[in-house]
Amino acid sequence: DKSQAPTSDKVEALWICYYSNIFNPARIKVRAMQAQLLKRNWKNLPEAVVIEPLIRNAPMRLGAMLETSEFQRVRETDFSLVQPPRGADWSALRDAAASCRGCPLWKNASCTVFGEGPREARVMFVGEQPGDQEDRTGKPFVGPAGQVLDRALAQLGIDRSTAYVTNAVKHFKFEPRGKRRIHKTASPREIAACRPWLEAEMELIKPDLVVAMGATATRALFNAPLKVTEHRGTILQSALNRQTLITVHPSSLLRLPEGVDPEAEFARFVSDLAQVKPFLTAAQKV
């Protein structure tokens, strides 16, 4: 009986503190709490002294949480807004992507940079996101990274116009530094928000081989954070059910660490892309 119960518990204060901190004000379901343990029995719980105040203060705490930058960013990613038109041709798909508001990146970017290339392309190159020049022109891979890609393909005797070229993320993410705009890596949520457009492009083009260039492209295609360094140069079946060659993004060859031989790294990139050649055929550009 109660007389046999200990009169003090050294761990009780620690438990109440722990309980208060894991109590999530955004997931309160009072009826479920009462169904699992009747309210008249709450007085027997050590945490009973804080349950009612926690419930009472939950709306205020939730409001404070939603005002933080992290929750604001999450709220601004509205996946219901990302709805590529089904059965659309390439032009209609591109025009629909231009008005996408699925994540906040559109606010600062100059335009949506959609893919381009032949409708019958057997190979699709997927980069990470547009850069400064791509954002200004509205075309993929026209900046320094695009020049590296063109040089590698030319060395293999491949005409880039026979392939479809796009990015996993369609808007330029950057932070301003003076007059320059410095590239910032897209977050997993931003990659996920843009993934329906990549899927729609793939459904339209139906490539035999997809080339994932860089970590962002690899994550979008496999729907998982695969390490490029571990799988580079290999062809795997992606989550989108396509044969996918994994390699580095050409921009990585422009910012190699000191002591790394740029010619050797470029030769390795060319060697990765050599696996593309058997898949390519000439086709009319859209």
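First residue of the sequence shown? That's 2 in the numbering used here, and the numbers climb one at a time after it. Even glycine gets a Cβ: it sits at the ideal position worked out from N, Cα and C.
Proximal residues to residue i (C-beta, below 8 Å), its chain only, five neighbours per side dropped
| i | result |
| --- | --- |
| residue 16 | 47 and 48 |
Beta-carbon spacing of residue i, residue j below 7 Å
| i | j | result |
| --- | --- | --- |
| residue 135 | residue 217 | no |
| residue 206 | residue 122 | yes |
| residue 241 | residue 124 | no |
| residue 221 | residue 153 | no |
| residue 141 | residue 167 | yes |
| residue 247 | residue 219 | yes |
Three-state secondary structure (DSSP) of residue i
| i | result |
| --- | --- |
| residue 267 | helix |
| residue 119 | strand |
| residue 157 | coil |
| residue 285 | Reliability of the predicted coordinates at residue 285 is poor, the pLDDT of 44 falling under 50, and the value obtained from them is presented with this limitation in mind. Here residue 285 sits in coil by DSSP. |
| residue 38 | coil |
| residue 53 | helix |
| residue 102 | coil |
| residue 152 | helix |
| residue 237 | strand |
| residue 226 | coil |
| residue 213 | strand |
| residue 177 | strand |
Where the beta strand (DSSP E) through residue i begins and ends
| i | result |
| --- | --- |
| residue 232 | No beta strand (DSSP E) holds residue 232; the alpha helix (DSSP H) holding it covers 229-232. |
| residue 244 | 244-248 |
| residue 257 | Unbroken run through residue 257: none, as it is neither H nor E. |
| residue 17 | Per DSSP, residue 17 belongs to no beta strand (DSSP E); it is in the alpha helix (DSSP H), 13-23. |
| residue 134 | It is not in any beta strand (DSSP E) - residue 134 instead sits in the alpha helix (DSSP H) that spans 133-138. |
| residue 106 | That residue, residue 106, is in no beta strand (DSSP E); it is neither H nor E in DSSP. |
| residue 181 | 181-184 |
| residue 127 | 124-128 |
| residue 166 | 165-168 |
Nonlocal neighbours in the same chain, by C-beta distance under 7 Å from residue i, ignoring five residues either side
| i | result |
| --- | --- |
| residue 157 | 271, 274, 275 and 278 |
| residue 139 | 112 and 114 |
Closer than 6 Å: residue i CB and nearest the ligand HEM heavy atom
| i | result |
| --- | --- |
| residue 191 | No copy of the ligand HEM appears in this structure; indeed no ligand is present at all. |
Length of the line joining the Cα atoms of residue i and residue j
| i | j | result |
| --- | --- | --- |
| residue 104 | residue 131 | 15 Å |
| residue 50 | residue 44 | 8 Å |
| residue 40 | residue 29 | 15 Å |
| residue 155 | residue 63 | 56 Å |
| residue 287 | residue 20 | For residue 287, the predicted model reports a pLDDT of 47, less than 50, meaning its position is unreliable; a value from the coordinates is still stated below. Each residue's alpha carbon lies about 60 Å from the other. |
| residue 258 | residue 94 | 39 Å |
| residue 150 | residue 196 | 23 Å |
| residue 10 | residue 85 | 60 Å |
| residue 88 | residue 260 | 50 Å |
| residue 283 | residue 26 | Residue placement at residue 283 cannot be trusted, given a pLDDT of 46 that sits under 50; the coordinates are not used to answer. |
| residue 186 | residue 174 | 7 Å |
N-terminal and C-terminal residue of the alpha helix (DSSP H) that residue i is part of
| i | result |
| --- | --- |
| residue 199 | 189-206 |
| residue 217 | 216-223 |
Own chain residues within Cβ distance below 6 Å of residue i, not counting five before or after
| i | result |
| --- | --- |
| residue 224 | 240 |
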